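Under my numbering, the residue at position 22 of the sequence shown is numbered 22, and the numbers go up by one with no gaps. Where is the CB? At the ideal position from N, CA and C, for every residue including glycine. Here the structure is a predicted model, which means the values were calculated and not measured. I have placed the structure first, in the form of C-alpha cells, so that the comments after it can refer back to it.
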Amino acid sequence: MPKPVMAAAMLFTSAFIMISGIQIITTRVLDSRRTLVIGMGISTFFGVTVYPSAFSGAPHWAQPIVTTPLVLATLVALALNLVFRIGIKKRVTMTIDAQSPALRDVTAFIERCAGVWGARRDVTNRVEFAVQQSLEAIIAYCDAKGPIEIELSFDEFVIGADITYDGKSMEFPTEAPGKEELFESEQGYPRLAGFLIRQHTDRRLQIKGGVRLLFDH
C-alpha cells in the first residue's frame, strides 16, 4: 500500500478515535485517579511521538510496543486503570440524622462515589436529584425517626440507591397531583414528591424499612 494512502487512513482513524475518546471523557464523572489515568496516557502518547528514540534501549521484542505511541499509551492507561481499581468498593453507605440533615454532604457523597466508579454525568445528576428529593420527602412527610441510611451500589449497568428509615412508606404515583389536591389535601405534596422521583428513576422497589431507587447506566 502506498505511504500516502497509509498516512491518510491512519489520520482518518485517529480523528474518529480522538473524538470518541473526548466524548467518553466529557460524559463521565472523574476523580483524581481516573484523571491521572487519562493524563498519563496522553502524556505517554505525545512523549513517544516527540522523542521516538526514548526507548531505543528496550529489548528487541519490545521495540514494536514501546516505539508505537498509540500502543504504549493504551497499555499505560490499561495498566494504571487496573492498579487503581484495587480497593474500589461496589457498595458504600452513608448515614444522616433526620432531625438535622446535611443534604449538601449527601450530594458530595454521591459525587465522590460517581467519580470513583466513573459513572456517567447524566445518570449521576438523576441520582442526586432523586436521592435529595427522597430525603426531603421522607423527612417532611414520612415522620422519619432516628437515622436515615443511604447505600449506593454500582455494577457497570445499574446504579442503585437504597434509602432505609423508620417511618411511613413513600408513594410513587404515575400522574402528578392537580392544583386542587396540592392546596386542599395533605397528600398533595407527598404525591408530587413521589411523582418527581418516579420521573428521575428507571425503577423503584419497596424494600424492608425503605425504598430502592434504580438507575440504568
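Burial state of Ala137, where buried means 16 or more other Cβ atoms lie within 10 Å: buried
Can you name the start and end residues of the alpha helix (DSSP H) that Thr74 belongs to? From DSSP, the alpha helix (DSSP H) with Thr74 extends over Pro69 to Phe84.
My guess is that Thr107 and Gln133 are in contact by the Cβ rule of under 8 Å, so how many angstroms apart are they, rounded? Cβ atoms of Thr107 and Gln133 stay farther apart than 8 Å, at about 12 Å.
Leu214 lies in the beta strand (DSSP E); which residues open and close that run? Gly210 to Asp216
In this structure, how does DSSP classify Lys179 when only helix, strand and coil are distinguished? helix
In chain order, what residues of the same chain have a beta carbon less than 8 Å from the beta carbon of His217, not counting five sequence neighbours either side? Ala119, Arg120, Val123, Phe154, Glu156, Phe157, Val158 and Ile159
Return the CA-CA distance between Phe183 and Thr164, expressed in angstroms with no decimal places. 29 Å
Would Arg204 and Arg198 qualify as a contact pair, given that the criterion is a beta-carbon distance under 8 Å? yes
What distance in whole Å lies between the Cβ atoms of Ile96 and Ile148, which are believed to be in contact at a cut-off of 8 Å? 5 Å
From the DSSP output, in three-state form, read off Ser56 for me. Coil at Ser56, not helix or strand.
Three or more C-beta pairs below 8 Å linking the stretch 33-46 and the stretch 65-85: yes
Which residues in the same chain have their Cβ closer than 6 Å to the Cβ of Leu214, if we skip the five residues on either side of it in sequence? Val158, Gly160, Asp202 and Arg203
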